[in-house]
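Novice:
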Amino acid sequence: MEARRGRDSRSEARCAARQRDRPCFLAGDARLSYDPSMEETIINNDDRLEHMLHRSNALHERLDELLGDADFDGSPRGESALGMCLVAMEHATAMRALMALRLPSSAVGLMRLQFEALTRAMWLLYAASDAAIDKLLAPLTLQSEQAAKNLPGASEMIEQIGKRVGQGAPAAAHQMLSHFKDVTWHGMNSFVHGGIHPLRRSADGFPVDLALQVLRSSNGLTTMTGMTMAVLTGDEAVAKPVSKIQPAFADCLPDLLKP
Numbered sequence: 639m640e641a642r643r644g645r646d647s648r649s650e651a652r653c654a655a656r657q658r659d660r661p662c663f664l665a666g667d668a669r670l671s672y673d674p675s676m677e678e679t680i681i682n683n684d685d686r687l688e689h690m691l692h693r694s695n696a697l698h699e700r701l702d703e704l705l706g707d708a709d710f711d712g713s714p715r716g717e718s719a720l721g722m723c724l725v726a727m728e729h730a731t732a733m734r735a736l737m738a739l740r741l742p743s744s745a746v747g748l749m750r751l752q753f754e755a756l757t758r759a760m761w762l763l764y765a766a767s768d769a770a771i772d773k774l775l776a777p778l779t780l781q782s783e784q785a786a787k788n789l790p791g792a793s794e795m796i797e798q799i800g801k802r803v804g805q806g807a808p809a810a811a812h813q814m815l816s817h818f819k820d821v822t823w824h825g826m827n828s829f830v831h832g833g834i835h836p837l838r839r840s841a842d843g844f845p846v847d848l849a850l851q852v853l854r855s856s857n858g859l860t861t862m863t864g865m866t867m868a869v870l871t872g873d874e875a876v877a878k879p880v881s882k883i884q885p886a887f888a889d890c891l892p893d894l895l896k897p
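Residue numbers for the sequence shown, in the working numbering: 639 to 897.
1. Ends of the alpha helix (DSSP H) at residue 887?
2. For residue 695, report the span of its alpha helix (DSSP H) as first-last.
3. Are the Cβ atoms of residue 876 and residue 724 separated by less than 8 Å?
4. Let me know if residue 740 comes out buried or exposed under the rule of 16 or more other beta-carbons within 10 Å of its beta-carbon.
5. Residue range of the alpha helix (DSSP H) that residue 864 falls in?
6. Can you check which of these residues, 687, 722, 745, is closest to residue 825 by C-alpha distance?
7. If we ignore side chains and look at the alpha-carbon of each, how far apart do residue 776 and residue 784 end up?
8. Let me know the secondary structure DSSP gives residue 711 once reduced to three states.
9. Is it right to say residue 672 is buried, meaning 16 or more other beta carbons lie within 10 angstroms of its own, or is it exposed?
10. Taking the alpha-carbon of residue 866 as reference, which of 689, 729, 798, 716 has the nearest alpha-carbon?
11. I'd like the list of long-range same chain contacts for residue 812, defined as Cβ closer than 6 Å, with 5 residues on each side in sequence excluded.
12. Tell whether a beta-carbon distance below 8 Å holds between residue 773 and residue 786.
13. Short of 6 Å in beta carbon distance, which residues of its chain neighbour residue 750, apart from the five on each side in sequence? Order them along the chain.
14. On the DSSP bridge assignment, give the partners of residue 803 in chain order.
15. Whose C-beta lies closer than 8 Å to the C-beta of residue 850 among residues of the same chain, with five residues either side of it excluded?
16. Nearest to residue 762 by alpha carbon, out of 891, 795, 727, 748?
Okay, structure coming up:
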């Protein structure tokens, strides 16, 4: 997804105000839970998976239509948050490509990267200090790499976003990040670090129902990333249609969380 960086720092305040006033998408129940019925069908050329991939690509294309030509907040905070949103979108695209190639265990690993990139983007937008932003925007050197190692991890970022609820950070965004981490973290860690999940999936097969669940989860993160990018435009004409995208793609997204 291409994006143009533009606007001055005044758009940051406008973005926060508009975010508070509009409804928020909640990524929903996106867990990697195990159920014996998942073993009934193994990934091959299953029509349900092809349909889900088609709908997932359509969701990404629709977000690109809404956001691809937008101007974004050009402040250091806006630039860093937008950059991480684009990284999250790249991970989502790669994840779908791996699913299409029938490489689902690798795809789950990318969903972990997608989640952390989105979390970083939202932290940069709502909670990061100016000093932390400067660390990430510094030219890449051995010194700047070392300085950036001290930035908070996912759990701490989510906690800091929570402390900003009511002060610019939307409660719904914090709820989504917290819920997603609570229900997927151990499973994603297993795939990333060579645990029991990828070993058993390699030996026993990767059930289609689980693959569909993973794609829905990734699509939920993609939609939340799109909404974060919409906030960074400071333009209600962009933010409003993005905020209403969920009903049109409900078949490929997780169920909405209840507040």
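Note that the Cβ used here is the ideal one computed from N, Cα and C, for glycine as well.
Specialist: Put simply:
1. That residue, residue 887, is in no alpha helix (DSSP H); it is neither H nor E in DSSP.
2. 685 to 705
3. no
4. exposed
5. 846 to 871
6. 745
7. 11 Å
8. coil
9. Here residue 672 scores only 40 on pLDDT, less than 50, and its place in the model is too uncertain to base an answer on.
10. 716
11. 799, 800, 803
12. yes
13. 826, 830
14. 807
15. 686, 687, 690
16. 795
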